[in-house]
Structure formats: C-alpha cells, structure tokens
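Heads up, the thing below is written out as structure tokens.
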Amino acid sequence: MHQRTVIQAAIAAALLVAGGAALAQERFRIGLILPMTGQQATTGRQIEAAARLWMAQNGDTVAGRKIELIVKDDTSLPDMTRRLAQELVVNEKVNVLAGFGITPSALAVAPIATQSKTPEVVMAAATSSITEASPYIVRTSFTLPQVSVAMADWAPKNGIKSVVTLVTDYGPGLDAEKFFKDRFLFNGGKVPDSLRVPLRNPDFAPFLQKVRDIKPDALFVFVPSGAGAAVMKQFLERGMDKAGIRLIATGDVTDDDQLNDMGDGALGVVTSHHYSADHQSAANKKFVEAFQKANKGLRPNFMAVGGYDGMRVIYEALKKTGGKGGGEALVAAMKGQVFESPRGPVFIDAQTRDVVQNVYLRKVEKKNGQLFNVEFDVIKDVKDPGKTKK
Ligand code: DHB
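Numbering (our numbering), first residue to last: 3 to 392.
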C-alpha cells in the first residue's frame with residue numbers, strides 16, 4: 003500500500019473509533035410531554051412517576067448511552083403539545099417523543115414524528131385511530147374499542163337489556179360509544195339514547211337527569227382519567243342507583259387514582275379495563291409496592307402502567323439497536339416486543355404498532371378497608387377491534 007493511502011486509512015479508522023466513542027457518550031434523550039397541570043394533571047403525575055420508577059429500577063445507561071428524560075407540561079392543550087414537540091426535536095435533538103395525555107395531543111404531534119423520523123410512544127391517549135396517524139407511533143396504553151366491547155358482552159348476560167351511553171365528546175368517547183353500542187345491539191340489547199358531554203369543564207347533572215327520566219337498566223359511561231369521581235358523586239347524589247339504574251363503565255371511571263376516595267357508593271360497580279392495581283401477579287405486586295414507596299403511598303393507575311411499559315419498550319429498542327438508535331431502527335425494534343407487564347402479558351403488534359393485551363372484568367370491592375377493582379373474568383390477548391386498515 004502507498005504510504006499516503008496507509009495514513010489516510012489510519013486517519014479514517016481513528017475517526018471511526020472517535021465517532022463511535024462520541025456516539026457512546028452522546029446522551030439518548032427522551033422528550034416526555036405530559037399534562038402536569040390543568041384538568042388532566044393526574045395523568046401527567048402518574049406517568050412521570052412511573053417513568054422515573056422504571057429508570058430507578060433499570061438504570062440510566064442503556065447499551066452505553068446515558069438516558070436523559072426531559073419532561074414538558076403541555077397543560078393538555080394540543081397546540082402547546084405540538085410546539086413543545088417541535089422544540090424538543092429541533093433544539094434538544096430528542097431521540098424519542100413520549101407521553102401524550104389526551105388524544106388531540108397525540109394526534110397534534112404525529113406530523114412532526116413523521117417528518118423528523120422520531121418515534122412517538124403514546125403512553126396514555128387511547129383513541130383507536132391514533133396509531134394510523136404516523137408510522138412512527140407506537141402505543142403502550144390501550145384503546146377504547148378494546149375495553150368497551152368486553153362490557154357490551156358482559157352486560158346482556160347479566161340482566162342488562164337496555165343501556166343509555168354517556169361519553170365525553172371527543173375521540174376516545176366516540177370510540178367507546180360506537181363500539182359499546184354496536185356490540186350491545188348485536189347482542190340483542192337496546193340503546194334508547196346516547197349522550198355526550200364536553201371535554202372541558204363538564205357538568206354531568208343535566209345528562210344524568212335525562213337518564214333518570216329514560217330509566218334504562220344501566221348507564222354506560224366513559225370519561226377520561228381524572229373525571230370519574232365527579233361522575234360517581236353525581237350519579238349517587240341523584241339517587242340513580244336507588245332508582246334501579248346500574249352504573250357500568252370502562253375502567254377510566256373507577257380510576258385507581260381516585261377510587262379509594264369515591265366512598266362505599268362505588269361498591270359493586272362493574273367495569274372493563276386492561277389494568278387494576280389489584281391485579282394478582284408477582285410482577286404487579288412488586289410494581290405497586292415500589293411505586294407507592296417512591297410516591298408517598300400514591301396508588302398507580304392505568305396511566306402509570308402505560309408510562310412504565312412505554313419506558314421498557316424504549317429501553318429494549320435501544321438495546322436491540324446496540325445503542326445506535328435512529329428513528330426507523332428504533333420503531334422496527336419496538337415492533338413485536340412481547341413482555342410481562344404489571345397488567346399481564348403484553349404484545350406490540352408489528353403490523354399496527356398497537357398494544358395487544360388482556361381485558362379484565364372487574365367489580366369494586368373492599369379489601370383491607372380500601373376500595374379496589376377486583377378482577378373476576380378475563381378476555382385474553384385482545385387486539386384493538388377499531389383498526390380500519392392494516
Ligand atoms: C384518553 C384520555 C384519558 O384520560 C383516558 O382515560 C382515556 C383516553 C384520550 O384522550 O385518549
């Protein structure tokens with residue numbers, strides 16, 4: 003070899019090594035955008051606590067890369083979510099965007115994820131169509147169709163023949179309404195009315211009055227996390243239960259974050275959902291204990307589990323790429339992951355990038371003086387029934 007070529011090759015090799023070392027030292031940044039204040043603040047609090055617990059338990063270095071978590075408060079306003087995502091990608095050079103407390107926030111970021119080839123890990127928002135908004139979206143929470151169908155199958159087998167639906171008037175509520183109603187009608191039930199309440203500052207009173215007048219066997223409710231206690235309170239105050247109307251719901255209503263403060267009026271309420279803090283497994287027991295220990299006794303809810311598992315999916319993907327990262331490689335490495343979550347077995351469907359999981363039927367019961375959603379039946383490995391395309 004010519005001497006100059008040898009020198010050039012040596013320089014190139016040295017640069018390659020230096021490049022590798024630089025990459026190893028370069029931090030891997032996760033931009034966690036959550037509602038930390040405002041109506042959805044409990045979602046932000048739960049997910050941030052869970053993400054920090056994951057890091058405390060699993061270290062802050064993955065495949066030689068130091069992990070940095072950057073938390074931003076979008077106050078659950080989608081314009082703010084979009085602006086923060088833009089800043090995080092352009093200025094902070096984040097490798098992954100994550101969080102997203104409500105559907106409009108998750109959707110607002112989808113074009114940024116696509117254009118910048120940045121994975122968007124949705125840990126909370128649960129409208130079916132979200133994963134179709136960008137090929138860079140991967141979801142670790144759940145979908146409303148996934149959990150609502152289970153309730154529409156349970157109710158008619160348990161003496162409930164007519165149901166009025168009451169949902170928050172946006173993506174997940176419309177999914178819950180449609181998938182509950184279609185399945186319940188298919189099962190021979192009747193739905194005399196479907197009511198929708200606004201997302202911002204809802205007043206349930208006039209809607210509940212209407213339900214009282216119609217007097218169905220049950221009222222099926224979806225409201226986002228944080229609004230359940232208000233529904234329960236007004237349902238009981240208006241004596242709906244005494245009028246013979248049962249409350250059935252997705253687990254967002256008997257939210258573990260609030261359930262224990264709802265009082266004994268909540269006893270016996272049956273819901274369908276993918277996570278209960280009372281889920282009986284060694285993995286969940288460990289998770290709940292560690293979460294409570296790190297957060298002054300706060301009980302983890304389904305949002306916390308979405309955040310915890312989202313961090314796992316990111317860590318595993320980074321490991322699989324040997325610490326290299328890169329948006330496309332990370333998403334490819336997120337697809338098809340299978341693991342045991344505190345909620346039970348979980349699978350990230352490679353085709354849809356959506357979460358496949360068990361859905362449980364649960365009843366509010368008292369255990370050691372505390373209210374819990376006690377699971378009594380399970381539908382295994384439920385795929386989102388709401389996907390319109392592959
Ligand atoms: C969504 C938000 C919630 O708090 C919830 O419990 C379910 C869905 C959402 O906006 O997608």
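For glycine and all other residues, C-beta sits at the position ideal for the given N, C-alpha and C.
Computed from a prediction, not measured in an experiment: that's the story for all the values here.
- Rounded separation between residue 249 and residue 213 - CA only: The sequence position of residue 249 within the sequence shown is 247, counting from 1. The sequence position of residue 213 within the sequence shown is 211, counting from 1. Whole-angstrom Cα-Cα distance: 11 angstroms.
- Message: Quick check: is any heavy atom of the ligand DHB less than 7 angstroms from the C-beta of residue 110?
- Response: To locate residue 110, count along the sequence shown from 1; it is residue 108. Taking 7 angstroms as the cut-off, the C-beta of residue 110 does not count as close to any heavy atom of the ligand DHB.
- Would residue 273 pass as a contact of residue 255 if the rule is Cβ separation under 8 angstroms? Your numbering for residue 273 matches position 271 in the sequence shown. Your numbering for residue 255 matches position 253 in the sequence shown. It is a contact, given that the beta carbons lie within the stated cut-off.
- May I ask you to check if the CB of residue 37 is nearer than 7 angstroms to at least one heavy atom of the ligand DHB? Here residue 37 corresponds to residue number 35 of the sequence shown, with the count starting at 1. False, no ligand heavy atom lies under 7 angstroms from that Cβ.
- Below 8 angstroms on the Cβ atoms is my guess for residue 330 versus residue 119; work out the distance and round it to an integer in Å. Walking along the sequence shown from the start, residue 330 turns up at place 328. Walking along the sequence shown from the start, residue 119 turns up at place 117. Confirmed, about 6 angstroms.
- Indicate whether the contact test is met: 3 or more Cβ pairs, each with one atom in the segment 137-144 and one in the segment 340-355, closer than 8 angstroms. Contact annotation: the segment 137-144 touches the segment 340-355, with at least three C-beta pairs closer than 8 angstroms.
- residue 391 versus residue 166: straight-line alpha-carbon distance, rounded: Position 389 of the sequence shown, counted from the start, is the residue given in the question as residue 391. Position 164 of the sequence shown, counted from the start, is the residue given in the question as residue 166. At residue 391 the pLDDT is 48, less than 50, meaning the model places this residue with poor confidence and gives no usable figure here.
- Query: On the three-state DSSP scale, how would you describe residue 266?
  - Reply: Numbered from its first residue, the sequence shown carries residue 266 at position 264. Secondary structure at residue 266: helix, using DSSP grouped into helix, strand and coil.
- Message: Going by C-alpha to C-alpha distance, which of 194, 237, 92, 202 sits closest to residue 208?
- Response: Sequence index remark: in the sequence shown, residue 208 carries index 206 (1-based). The shortest Cα separation from residue 208 among 194, 237, 92, 202 belongs to 237.
- Secondary structure at residue 101, three-state DSSP: helix, strand or coil? The residue you call residue 101 lines up with position 99 of the sequence shown. Residue 101: strand per DSSP, three-state reduction.
- Message: Looking at the secondary structure, which residues open and close the alpha helix (DSSP H) in which residue 36 lies?
- Response: Residue 36 sits at position 34 when you count from the first residue of the sequence shown. Careful: residue 36 lies outside any alpha helix (DSSP H), inside the beta strand (DSSP E) at 30-36.
- Item | Near the ligand DHB: residue 254 beta-carbon under 7 angstroms from a heavy atom | On the sequence shown, position 252 is the one that residue 254 refers to. Under cutoff, so the answer is yes.
- Quick one: residues in its chain with C-beta nearer than 6 angstroms to the C-beta of residue 313, no 5 flanking neighbours on either side, listed in chain order? By one-based count along the sequence shown, residue 313 stands at place 311. Answer for residue 313: 53, 56, listed in chain order.
- Look at the alpha carbon of residue 168 and the alpha carbon of residue 184, and state the distance between them as a whole number of angstroms. Position 166 of the sequence shown holds residue 168. Position 182 of the sequence shown holds residue 184. The straight-line gap from Cα to Cα measures roughly 15 angstroms.
- Message: Nearest by alpha-carbon distance to residue 356: which of 50, 178, 36, 127 is it?
- Response: Sequence index remark: in the sequence shown, residue 356 carries index 354 (1-based). Residue 127 is the option with its Cα nearest to residue 356.
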